[in-house]
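Undergrad: Have a look at the structure that comes next, please.
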Amino acid sequence: MKDILVTGGAGYIGSHTAVELIAAGYRPILVDNFSNTDERLLEGMARITGQEPIVHRGDCCDLEFMRTLFQQYTFAGVIHFAAYKAVGESVAQPLKYYHNNIVSLTNLLQLLEVFEVRSLVFSSSCTVYGQPEQLPIREDGPENKATSPYGCTKQIGEQILSDFYRAHSDFTIGMLRYFNPIGAHPSGWIGELPFGVPNNLVPFLTQATAGHRQALTVFGADYDTPDGSCIRDFIHVVDLAKAHVKTLDFLMRQTSCCEAINLGQGKGNSVFEVIQTFEAVNGVQVPHSIGARRAGDVVQIWADASKAKRLLDWQTELTLGDALRDAWNWQCHLDKG
Ligand code: WQD
Numbered sequence: 530m531k532d533i534l535v536t537g538g539a540g541y542i543g544s545h546t547a548v549e550l551i552a553a554g555y556r557p558i559l560v561d562n563f564s565n566t567d568e569r570l571l572e573g574m575a576r577i578t579g580q581e582p583i584v585h586r587g588d589c590c591d592l593e594f595m596r597t598l599f600q601q602y603t604f605a606g607v608i609h610f611a612a613y614k615a616v617g618e619s620v621a622q623p624l625k626y627y628h629n630n631i632v633s634l635t636n637l638l639q640l641l642e643v644f645e646v647r648s649l650v651f652s653s654s655c656t657v658y659g660q661p662e663q664l665p666i667r668e669d670g671p672e673n674k675a676t677s678p679y680g681c682t683k684q685i686g687e688q689i690l691s692d693f694y695r696a697h698s699d700f701t702i703g704m705l706r707y708f709n710p711i712g713a714h715p716s717g718w719i720g721e722l723p724f725g726v727p728n729n730l731v732p733f734l735t736q737a738t739a740g741h742r743q744a745l746t747v748f749g750a751d752y753d754t755p756d757g758s759c760i761r762d763f764i765h766v767v768d769l770a771k772a773h774v775k776t777l778d779f780l781m782r783q784t785s786c787c788e789a790i791n792l793g794q795g796k797g798n799s800v801f802e803v804i805q806t807f808e809a810v811n812g813v814q815v816p817h818s819i820g821a822r823r824a825g826d827v828v829q830i831w832a833d834a835s836k837a838k839r840l841l842d843w844q845t846e847l848t849l850g851d852a853l854r855d856a857w858n859w860q861c862h863l864d865k866g
C-alpha cells in the first residue's frame, strides 16, 4: 500500500480527498494544524471508510516537525492542501497569508528533495487568472495579477514550483487550479465546517436557509451577464477529490512533468441559478436580497476542462444540483448535532 502525505488533510477538500485515496487503495497520512477544521471531519472519515484516519497534528511551517514525518514514513507522493484560503481575511492580514502559504510550500519542497519524494500535487486556484478576457479559460491563457494576497500566494506558489522543477527535472508536479468547490460527501458525514461568517456563497446560503444567518445578500445584480449576477464554475467537492487521485496516478506514471490543470465543470452558472437550483432540488426557499457589488469580484469565469480529460481521463460526474443537494444534506446533518 502506498503512503501519501496529505497536508491540510483534515480540512474540507483534504478530508474528501483522503476518502477517495483510501477507496483507490492508497494510505493517506494526514497532517493538519487544525486551524480551520476539527474532530468532526476525522470522525466522519472513519464512518465513511471504516478505518481511523492516520493524522499528525502539527504545522507545515515547522520544518523539524515535518522532517520527522519524512523520517517515519516512505511517501510515494504528496498532496499539499495546507494553506489559508479566505480572500477577505488575506486582504486584512497579508503577512499571515504570505508567511503561512509560502513557507509551508518551501519547507515541503526542501524535504521532497532530501527524501527523494518526487510526485507533488499542489492545491492552486482559478484565482490566478483574475478576470479573464476570453472564456472558457485555458491553462495557457493569460494570467492577470491576482486580486487578493490569497490569490498572489497561489501565483507565487506556482512560480516557486515551476522554478523548482526547472532545477529538478526528475520531479512530477501537478498544479490543480480549482474553480469553485461546493457541496459535501453524499453520506453527510463530512463537508465544509462553519467557522465564523462564511465568505463563500454556498455555505452562507445553506446557513441562511437554515435560519442561522440573516438573508443571503446577492452581491450585485447589475453585471453584464444574462441575469445580472456573477457567473462561476461550481464543482462538486467529491469530483474535485477524485481528480486529486487521478492526478497522483498520472504523476507517478511520469518521470518528469510540471503541469497546471483546470478543475471545473467547464461551464458557468450564475448566483441566481444557484439559488433557483438549490430551491428546486431541496424544496426550500432561500431568503435573499440584492445588495451592492463585492469589491474584487470577478464578473464571470469558467474553465476549459479539456486538459484534465486528456491528461487524467477525468471529468466531472456530478451536477450543480447534486452539489446543492449534498450541501443542504450536510447543513441538516450539522444542525442535528
Ligand atoms: C461566488 C459568487 C459572489 C457570497 C473564492 C475564491 C477562490 C476560491 C473559491 C479557493 C460571487 C457571490 C458570495 C455571498 C454572493 N477559493 N456571493 N453573496 O469569490 O468566486 O471564489 O472561493 O481557491 O479562490 O476567490 O467564491 O463563493 O465567495 O463567491 O452574492 O454572500 O457568489 O459575489 O459572485 P469566489 P464566492
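The opening residue of the sequence shown carries number 530 in my numbering; numbering runs sequentially from there.
Quick reminder that beta carbons are idealized off the backbone N, C-alpha and C, glycines included.
Any heavy atom of ligand 1 within a distance shorter than 7 Å of the CB on Lys771?
TA: no
Undergrad: Could you check what DSSP says for Tyr555 in three-state terms: helix, strand or coil?
TA: coil
Undergrad: Less than 8 Å between the C-beta atoms of Phe733 and Gly820, yes or no?
TA: no
Undergrad: DSSP state of Val607, grouped into three classes?
TA: In this structure, Val607 counts as strand in the three-state DSSP scheme.
Undergrad: Excluding five sequence neighbours on each side, which residues of the same chain lie with their C-beta closer than 8 Å to the C-beta of Gln639?
TA: Leu592
Undergrad: Which first and last residues belong to the alpha helix (DSSP H) in which Leu534 is found?
TA: Run containing Leu534: none in the alpha helix (DSSP H); it sits in the beta strand (DSSP E), 532-536.
Undergrad: From this set, His697, Cys590, Ser818, Gly720, which residue's C-alpha is nearest Leu637's C-alpha?
TA: Cys590
Undergrad: Can you tell me which of Ala824, Val803, Ala750, Gln794 puts its alpha carbon nearest to the alpha carbon of Ile666?
TA: Gln794
Undergrad: Roughly how many whole angstroms lie between the Cα atoms of Ala837 and Tyr707?
TA: 12 Å
Undergrad: Count the CB pairs spanning the region 789-804 and the region 712-721 that are closer than 8 Å, and state whether there are at least three.
TA: Not touching, per the Cβ criterion.
Undergrad: What whole-angstrom Cβ distance do Val767 and His714 have, given they're in contact under 8 Å?
TA: Correct: roughly 6 Å between the Cβ atoms.
Undergrad: Classify Leu624: buried if its beta carbon has 16 or more other beta carbons within 10 angstroms, exposed otherwise.
TA: exposed
Undergrad: Looking only at DSSP bridge pairs, what is Gly617 linked to?
TA: For Gly617, which the question treats as bridged, DSSP gives no partner whatsoever.
Undergrad: I'd like to check one pair, His765 with Leu841: are the Cβ atoms closer than 8 Å?
TA: No, they are not a contact pair.
Undergrad: Would you list the one or two residues that DSSP bridges to Glu788?
TA: Gly703
Undergrad: Taking Phe563 as the reference, which of Phe599, Thr603, Ala611 has the closest Cα?
TA: Nearest of Phe599, Thr603, Ala611 to Phe563, Cα basis: Ala611.
Undergrad: Which residue from Ala824, Ala852, Ala832, Asp851 puts its Cα closest to that of Ser677?
TA: Ala824
Undergrad: For Ala834, which residues in the same chain have their Cβ closer than 6 Å to its Cβ, ignoring the five residues on either side in sequence?
TA: Asn791, Gly793, Gly795
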